[in-house]
Amino acid sequence: MSQMIQAIFVPKVDNISKPKAHTVYCLDVHAAVRTWQVWRRYSEFVRLHEYFLEAFPHHSLPSPFPVKRYFPSTFSSPTKVDERRRALETYLRGILASQDARWRQTQAWRDFMGVPVGRQVNECPSERWLEEFEQLNNYTHQIRALVNRRATHLARNETSASHNCTVHAKRLLNTITTRMASLSHLLGGLSEGEQRRRQDLLNSLREEKDSLHHLVHAGRYTDTPTPQADETPEMVSVQAIPTKGRVFGPSSKKVILQDTPKTRVLDNEGLIGYQKQTMKDQDNNIEQFLSVLARQKQIAFAIGDELSLQNQLLDEIDQDADTTNLKFKMVTKKVMAIQ
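Residue numbering for the sequence shown follows this note's numbering, beginning at 271 and increasing consecutively.
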């Protein structure tokens, strides 16, 4: 798929004398787990550009295309060849970096970039595989550090910071899952011993990923503490208060206070201590309630992120459907022209 391409470079050129003198440009294409080279003539660039203009007549390309020079010829001037090389590199990078993916989703772009079709990147060098594995292993260390940092923020009631740690950790987990699948496909072309050794590495990485997955999602759902009947007792109860009487000045009726079973056996110092303990328990219950609210807020943020991801996937599906529809119309047009 064209989405696997992450960077494009045109580092060098070569002059070919047979069958006719011409210049070819070397394209270094960098994907997630591999790098390959494609050699293209300037005429192939021209055909690609003309295809884009014909396929999307109402959309301008992100970068200008270097025009052909006839007098003097570019082939005879190394300076002009280098200028064209840099201009072609800018042209391709503009298409790759554009937010509009319509050009990258065409079959002409994939063919021009030499994207593998119907096969995985088994040609990835052994060193590249190990580098990719080491990078994923570093991601696990970052996730563990994010989990510890999130716990610190939660202890300080810093909800927003803890939520950011959770989101970052989930993104790294998704990256590890995706790239591990690619690394698993790359084991097919290795010797039996090397394949077994690297499979053990992947198994250990998978176990670490599963453990981190539980850590990232742990502690997000807790039961609301149920207060016991004797946790917030009233120290005194008040009998019926008259509904009518004086508003200002001493009341004509006295308020009769009664002891509870717990306060009846306490003296003055015991009553003061009991009151302090009751207030402390109430403060603890409030802190627990605030913690539950903070976690509920984290859940709401996580649901929002998941909805955003689903919306993005739906948008990509719409773009793919539009591309397929465009290809179908072009094929239908060609068939009608042939008829």
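Glycine included, C-beta positions come from ideal geometry on N, C-alpha and C.
Tell me residue 405's beta-bridge partners as DSSP assigns them.
Paired residue(s): none; residue 405 is not in a bridge.
With DSSP run on the structure shown, which of helix, strand or coil describes residue 530?
Three-state result, residue 530: coil.
For residue 482, I'd like the list of residues in its chain whose CB is within less than 8 angstroms of its CB, leaving aside the five on either flank, ordered along the chain.
Once the five neighbours on either side are set aside, the close Cβ partners of residue 482 are 410, 413, 414, 417, 439, 443.
The beta strand (DSSP E) spanning residue 301 covers which residue range?
It spans 292-301 - the beta strand (DSSP E) in which residue 301 sits, taken as one unbroken run.
Out of curiosity, what's the CA-to-CA distance linking residue 544 and residue 428?
Each residue's Cα considered, the two are about 33 angstroms apart.
Does the Cβ of residue 542 have 16 or more other Cβ atoms within 10 Å, making it buried, or fewer, making it exposed?
The residue in question, residue 542, is exposed, as its Cβ has fewer than 16 Cβ neighbours within 10 Å.
Neighbour-count burial assignment, residue 600, 16 or more Cβ in a 10 Å radius:
Residue 600 is exposed by the Cβ-count criterion.
Just the C-alpha distance for residue 452 and residue 299, rounded to the nearest angstrom, thanks.
Near 18 angstroms, if we compare the C-alpha coordinates of residue 299 and residue 452.
Can you tell me which of the three DSSP states residue 512 falls into?
Residue confidence is low: residue 512 scores 48 on pLDDT, short of 50, so the model does not pin down where it sits. No coordinate-derived value is stated.
Can you tell me whether DSSP reads residue 348 as helix, strand or coil?
The answer is helix: DSSP assigns residue 348 an H, G or I state.
Provide the residue span of the beta strand (DSSP E) that contains residue 370, from first to last.
It is not in any beta strand (DSSP E) - residue 370 carries neither H nor E in the DSSP assignment.
Which residue wins for smallest C-alpha separation from residue 445, given the options 423, 379, 479, 470?
Of 423, 379, 479, 470, the residue nearest in Cα terms is 479.
Would you say the region 371-390 touches the region 324-335, given that touching needs at least three Cβ pairs under 8 angstroms?
By the Cβ criterion, the region 371-390 is in contact with the region 324-335, since at least three pairs of Cβ atoms, one from each stretch, lie closer than 8 angstroms.
Which of the three DSSP states is assigned to residue 420 in this structure?
It is helical.
Report all residues from its chain with a CB closer than 6 angstroms to the CB of residue 333; omit the five preceding and five following residues, and keep chain order.
Taken in chain order, the residues that qualify are 360, 361, 364.
Three-state secondary structure assigned by DSSP to residue 279:
In the structure shown, residue 279 adopts extended strand secondary structure according to DSSP, grouped into three states.
For residue 557, count neighbouring Cβ atoms within 10 angstroms of its own Cβ and tell me buried if that reaches 16, exposed if not.
The residue is exposed, with fewer than 16 neighbouring Cβ atoms inside 10 Å.
Please look up how many angstroms separate the CB atoms of residue 263 and residue 472, rounded, as I've assumed it's under 8 angstroms.
The shown model of the chain, from 271 to 609, leaves out residue 263, and the question about it has no answer.
Would you kindly check if the distance between the Cβ of residue 378 and the Cβ of residue 475 is under 8 angstroms?
The answer is no: Cβ separation not under 8 angstroms.
Just curious, the beta strand (DSSP E) that residue 308 is in, first and last residue?
Annotation for residue 308: the continuous beta strand (DSSP E) segment containing it runs 305-311.
If distances are taken between C-alpha atoms only, which option among 297, 552, 488 comes closest to residue 279?
In terms of Cα proximity to residue 279, the closest of 297, 552, 488 is 297.
Taking the alpha-carbon positions, what's the residue 224 to residue 570 distance?
The requested residue 224 does not occur in the structure, where the chain is confined to residues 271 to 609.
Please report how far the alpha carbon of residue 596 lies from the alpha carbon of residue 308, in whole angstroms.
If you draw a straight line from the Cα of residue 596 to the Cα of residue 308, it is about 27 angstroms long.
So for residue 581, helix, strand or coil by DSSP?
DSSP places residue 581 in helix when its eight states are reduced to three.
Residue 367, buried or exposed, once every other Cβ within 10 Å from all chains shown has been counted against 16
Exposure of residue 367 is indicated by the presence of fewer than 16 other C-beta atoms within 10 angstroms of its C-beta.
I believe residue 436 touches residue 420 by the beta-carbon criterion, under 8 angstroms. Please report the beta-carbon distance rounded to the nearest angstrom.
Residue 436 to residue 420, Cβ: 6 angstroms. Contact.
Residue 285 - partner residues in DSSP beta bridges
Beta-bridge annotation (DSSP): residue 285 is paired with 293.
What is the DSSP secondary structure of residue 610, reduced to helix, strand or coil?
Examination of residue 610 is not possible in this model, given that the chain is present from 271 through 609 alone.
Within the continuous alpha helix (DSSP H) that includes residue 484, where are the two ends?
Residues 462-487.
Among 559, 314, 347, which one has its Cα closest to the Cα of residue 335?
When C-alpha distances from residue 335 are compared across 559, 314, 347, the shortest belongs to 314.
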